[in-house]
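Protein chains in written order, with the numbering used here: chain A, 56 to 720; chain B, 7 to 264; chain C, 35 to 361.
Read the structure below first, then the notes.
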Amino acid sequence: MDFRSPAEATYWLVEGRALFLFLYFLGTACFAWIVAKRLAPLWRAQPDPRFDRPLARLMNVARYWFGQWRHPRYPVSGALHILLFTGFLILALRAFALLIYGIDAKFIMPGGPMYGVVRDYAATVVFFVVVIAAIRRLVFPPARFGKDRPADAVFLLALIGVLMAADAFFEGARAAAQNEPVTFLSLSWMAKSTLLHVSASWHRNFYLGAYLVHGLTFFFLLCYRPFGIQFHVETSLFGIYFAKLDREQLKPVRWGVADAHIDQVKSFGVKTLEDFTWKHLLDFYSCADCGRCSDQCPSNAVGRPLSPRQFTIKSRDYCFQHYPITGQTGNGKPLIGAIYSEDEIWSCTTCGACEAECPLLVEYIDKIVDLRRGMVDGGRVPQAMQKPLKALESRGNPFGKMQKKRADWAQGTAPVLNGNGTRTGTLYFVDSITSYDERIQSIGRATAKVLARAGVEFGILGPAERDSGHDVRRFGEEMLFLALRDYNTEAIRASGVNRIVTADPHAYNTLKHDYRDVPPVEHISQAIARDVRAGKLRLQPLADSTATYTYHDPCYLGRHNQVFDDPREVLDAIPGLKRVEMSRCRDRSFCCGGGGLALFYEPKEEERMGVKRVRMAADAGASVIVTACPFCMVNIEDAIKVAGMEGKMSAIDLAELVEKQTKGD
Amino acid sequence: MDILVCARRVPDTSENEIALNSAGDDIEREDLVYSVNEPDNYAVEEALQIVQRIGGEVTVVTVGGEDDEEILRREMAMGVQHGVLISDETFMDADGKGIARILEAFVKKGHYDLILTGVQAEDGAAQVGGMLAAMLDYPFASLVNSIEVLDGGKLRIGREIEGGSREINEIDLPCVLSIQTGINEPRYVGMRGIRQVASVPIPTLGATQLAVVPEAPKVKRIDYFVPPAGKGAAMLSGNREEMAAKLVEMLKAKGGLN
Amino acid sequence: MPRIFVYVPPSGGVVDDTPAELLAAARQIAGPEACVTAVVTGWGAELDAACEQLCAYFGEIWKIAQETLVYPNAELVRQALAAVLPRGCILLVPHNHFGVDLSPGLSIKMDAAFVSDVLEIEGLEGDWLKLVRQEFGGQVSTHVRCDVSAGAVLNVRPGAFQPLDAPPVSGQVHDVAVGPLAARRRYLSTIAAEAGDVDITKYKILVSIGRGIQDPDNIAIAQELAEVLGGAVSCSRPVVDARWLDKSRQVGSSGKTVKPKVYLACGISGSFQHLSGIKGNPFLVAINKNPKAPIFRVADAGIVDDLLEFLPELTNQVREERGVPAK
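Structure representation (structure tokens):
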């Protein structure tokens, strides 16, 4: 019996080598054609500078691609995928070697016996992983998988299984016929054991047949992957390499156009598919439909029309439809109305939970902001938000209150800087909600008192301050944001301070990342933590230590800026304070409902985000929620009322708590 | 269809901040924020939607001074094709009828199928539209909250009447309509839109071009005042619990609790 | 002294204070003895009934009957009045959806002065009539003087002039003919406001919310109070414009007219359009964060507080008072 290379065998009158050469050529050509077609929209899309800092990008690849860093956040799926991925890496060599064997009879399988054993076990693991995954997908799907599309997923899993089995039977057939050893309990071993019971004449058929099946399956998979979620096998490496390095920098209106020249841009934002950047389109291809983003998305959780995963899959399908493998490429039709609804895009609070979760580093916030820019450019802003935007333009705050009353909240606790400072001192940037909302004004006063007690020389801009513009930008009104930013930047620089502190994480985020040429900024929790450590602030024991406290991480302090520990340190430094953690905390914190313009938007939802959050606190056994953001405070206190939990739950701001627990003068 | 919208720049009153100035002869205008009169903005949006459907152009006109140009630009940023400022020293003290005369002269210089105004402005007079129609001898309808263009130079309009009902009328063109808020959802116009029309020239017409000499106003405002508190409410005092308790007592006395 | 006329729009058979208010306003100009003529238009039995009613108030009634006037079309009425009214007279019209439609144009056709939404008439001094109006949504009042030498049309705010305690008169009805009226605006139909789930006109206690409710989710706070008081939630126009409540809940000139015993105006500034929907002089309580809100001038009791905080407190206390357990 002849068990040399299949290259020398004859398949239905055709020599093996010729057959496989033809197959490989056809398969590769098909694949190249398909990939070229898939790349077509990327050439037409907007620029996106992702070719800098190769070392940093390679570090990302090492961490997120090789290291599968995000996967263990969902332990079961994570484990399955890590095994699958590792298997793939190990088997990659094998797959190519096997293909070459079909056209070069003298090719020796590389790696030697050591690799052979590793490879055999890898293939076995992969096989069983796909079986488990398929069963899970069909019989016990987790909620986040959604109700549709199991057929495609199972089909692909089945193909991988076939690939493994084909290879196993290839080895097993030869081993059975020639009585060779195979790795114990591996897939090949099982194949060999099965084939021992088959008549010897069939061994060669299995040998050659399995080889052909392997080749066909390999190339079928190769060409089929770009039609669905499995394309991530190819695109993930590029997607992660080109992932955004400066996560907190919002995409400008157009890369390559400076803010000062923004008037030159004819059309703002994303209106048609080609208005996205090439990296955004690549993101659409890279989505593996795992659903982790939507699982974490607070908008999705409360029944708003937004689901990040559906957003990406819809966009991908639109790409496929309008840039098909064969046929006409689509013209630029507006996306809003075609695949996205206005409400869907306005529903996002930009909390970032989706981006923190995605194993493929798919970006969302830039896309949502760009779509909003497109809507604003076209005048399609919900009536409920037009009033605050107008008020921001004419009065510098979304509430429509008078500019000259902006510092009235202080009541003597915070002096107004007079604009001839000498590069010393601290600016307390208050921002609009703390200046004008009666309830939140007490957070302002508490912050001012705490700063004074810590011996900080500080002042506020007073009526010269305008809204920081953080959410104006994220709701797509770029020009208004730039106007606010320019105004504030001038006022800040004129004040002569060398440091900014704020109790508003939205102001903190924008001053840190969106503003240029302003002194360094920190959040009050960071300042307090440092002062507590240095002994400048002494925290008194709680008068009533029966309450249980929990800390709610504000999205723009925690997840977006990685400040998790300072506020906790402060709380733990208060003697007698009992603190518990909610199960969703730190970078898995659940958004309170959003700030800035999100407060004015009237979404269609089943429940408020704040209500869900307050129930999470109750589930954790807490009776007091501590937060460090004025918008969180508004949403949580509202939610306590709406949920009917008054008397059982209360909320306090970190600065208010510290003010209570430090001695005044 | 060529539509003319008569608009006005008014102070923003939603924050209840209109107060008398220290001299007591006018309202305090120093910190006022001005914008286009809200019903006028709805009228412009309606006009834009009509010409988007059936073709034509929209012109917005205002009677005032340099400061009033900004509302013309805002409406042009919304999509209005032409903005016109009517300004003259002799127009400065015009009352409602005087403004209607000025607009009459302007309308007669052009050709408009439909003239829209907002239902009322900050003085609550609600008069310019009706007066203009009578001067031009055009039919008029006020409080319009729906417009449908019919064939043959007619419109089917809805008017908002007492009780929230809607009176449906048919009206011949050319006509004058005063538009009520809520007729549509005006599009947003931001700073970018306004920047884009910042250098579009806005023609200014004066008394000589319009050949109108304003009559002496028959209606004169003498002063502004805030009526003495007098018969106002009995204000309850105390903290929240105390005020609520007092109110409960009052409700009991008035038969509200049985 | 110019002749004083009042125009009483057809009320669809509803008996209200309009004739009495117009008469009271006319008396402010003309004095208690002068003859005030009422003018009415219409057709058929309804017009006859209206004339009969008016006979109790006015010494002279001019009845303009024509089939085209069966529905009060301001375009036609304007032509009729311009034809029959003598030059130089003063005409008083109610300031409502009809008066706004009729009067500005009529003043031009009569070549007379026009003043809108008059609150008070201080008196006539020679050719000058001294009046009081409001501007800026009622935030300030103004003294106005109007030259009536060539006549005037005055739109009078409904409810601003209290009906006089005068003995009824027996008026004479005169038929006045007008020629054919050109109808370039034609009445087609009236679409009645949709009946909502709750008929606020049937409730004795109304908890009424305005812009101050801030968020549709907060309406529940008002609803709880309404329930515990056995009343209903009603609202002002901005709440309906924002689509937070159905139009059937709106109190005001373009909404419903209510006659409750108790009316709690929460977060409502007190524009006249809203107040004109409240009749029967109920116990009016105003709850508003802004101590300068115009509503405090007309309320019986006033509370300066955030309604979102005050209403739950009030709800609790009412519950205690009634012995109803909290939910």
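Beta carbons: idealized from backbone N, C-alpha and C, even for Gly.
Keep in mind it's a predicted model, so treat the numbers as computed, not measured.
Does the distance from the C-beta atom of residue i to that of residue j stay below 9 Å?
{"i": "A/L652", "j": "A/P453", "result": "yes"}
{"i": "A/S254", "j": "A/A160", "result": "no"}
{"i": "C/P148", "j": "B/G102", "result": "In the sequence on display, residue 148 of chain C carries Phe and not Pro. Cβ distance < 9 Å, so C/F148 and B/G102 count as in contact."}
{"i": "B/G89", "j": "B/V206", "result": "yes"}
{"i": "B/L120", "j": "B/I56", "result": "yes"}
{"i": "A/D318", "j": "A/A198", "result": "no"}
{"i": "B/L109", "j": "B/L211", "result": "no"}
{"i": "A/H607", "j": "A/N564", "result": "no"}
Could you spell out where the alpha helix (DSSP H) holding residue i opens and where it closes?
{"i": "B/S243", "result": "Unbroken run through B/S243: none, as it is neither H nor E."}
{"i": "B/R59", "result": "44 to 60"}
{"i": "A/V424", "result": "420 to 432"}
{"i": "A/E410", "result": "408 to 412"}
{"i": "A/R663", "result": "Looking at the DSSP string, A/R663 is not in any alpha helix (DSSP H), and its letter there is neither H nor E."}
Around the C-beta of residue i, are 16 or more other C-beta atoms found within 10 angstroms, so that it is buried, or is it exposed?
{"i": "B/K114", "result": "exposed"}
{"i": "C/A114", "result": "buried"}
{"i": "C/M35", "result": "exposed"}
{"i": "C/I124", "result": "buried"}
{"i": "B/P45", "result": "buried"}
{"i": "A/E504", "result": "The residue asked about is misnamed: residue 504 of chain A is Lys in this sequence, not Glu. Classification of A/K504: buried, given that the 10 Å Cβ count is 16 or more."}
{"i": "B/I228", "result": "exposed"}
{"i": "B/L253", "result": "buried"}
{"i": "C/V267", "result": "buried"}
{"i": "A/M688", "result": "buried"}
{"i": "A/W333", "result": "buried"}
{"i": "A/I163", "result": "exposed"}
Using only alpha-carbon positions, find the residue among the options that is nearest to residue i.
{"i": "C/A99", "options": "C/A83, C/G93, C/R331, C/F92", "result": "C/A83"}
{"i": "A/L594", "options": "A/A549, A/P658, A/S638, A/Q716", "result": "A/Q716"}
{"i": "C/A227", "options": "C/D181, C/I255, C/S288, C/F92", "result": "C/S288"}
{"i": "C/P53", "options": "C/V152, C/V40, C/L165", "result": "C/V40"}
{"i": "C/V152", "options": "C/E101, C/Q62, C/E159, C/A146", "result": "C/Q62"}
{"i": "C/Q168", "options": "B/V11, B/G164, B/R14, B/I24", "result": "B/I24"}
{"i": "B/V195", "options": "B/R15, B/E72, B/V86", "result": "B/V86"}
{"i": "C/V49", "options": "C/E86, C/Q173, C/T75", "result": "C/E86"}
{"i": "C/Y237", "options": "C/P201, C/V292, C/V285", "result": "C/V292"}
{"i": "B/R79", "options": "B/L156, B/E247, B/R15", "result": "B/R15"}
{"i": "A/R529", "options": "A/F200, A/Y66, A/I420", "result": "A/I420"}
{"i": "B/P223", "options": "C/D145, C/G65, C/V212", "result": "C/D145"}
{"i": "B/A239", "options": "C/L119, C/K164, C/A327", "result": "C/A327"}
{"i": "A/A710", "options": "A/G631, A/G699, A/P622", "result": "A/P622"}
{"i": "C/K323", "options": "C/I247, C/G139, C/A184, C/L188", "result": "C/I247"}
So, for residue i: in the same chain, excluding its five sequence neighbours on each side, which residues have a beta-carbon less than 6 Å away from its beta-carbon?
{"i": "A/C646", "result": "P353, T404, C406, C610, M664"}
{"i": "A/D486", "result": "S523, D559, A562"}
Just reading off the beta strand (DSSP E) that residue i is part of, what are its end residues?
{"i": "C/N189", "result": "186 to 190"}
{"i": "C/W96", "result": "94 to 99"}
{"i": "A/D627", "result": "From DSSP, A/D627 is part of no beta strand (DSSP E) but of the alpha helix (DSSP H) over 620 to 627."}
{"i": "C/K164", "result": "162 to 169"}
{"i": "C/H177", "result": "174 to 181"}
{"i": "C/C300", "result": "296 to 300"}
{"i": "C/S303", "result": "No beta strand (DSSP E) holds C/S303; DSSP gives it neither H nor E."}
{"i": "B/N175", "result": "172 to 178"}
{"i": "A/S396", "result": "Premise fails: A/S396 is in no beta strand (DSSP E) and is neither H nor E."}
{"i": "B/E166", "result": "160 to 166"}
Quick check: is the beta carbon of residue i nearer than 9 Å to any beta carbon in chain E?
{"i": "A/K696", "result": "Checking the listed chains, one finds no chain E in this structure; the protein chains it contains are A, B and C."}
For residue i, collect the residues of the same chain with a Cβ closer than 8 Å to its Cβ; drop the 5 residues on either side in sequence, then sort them by chain order.
{"i": "B/I167", "result": "L149, E173"}
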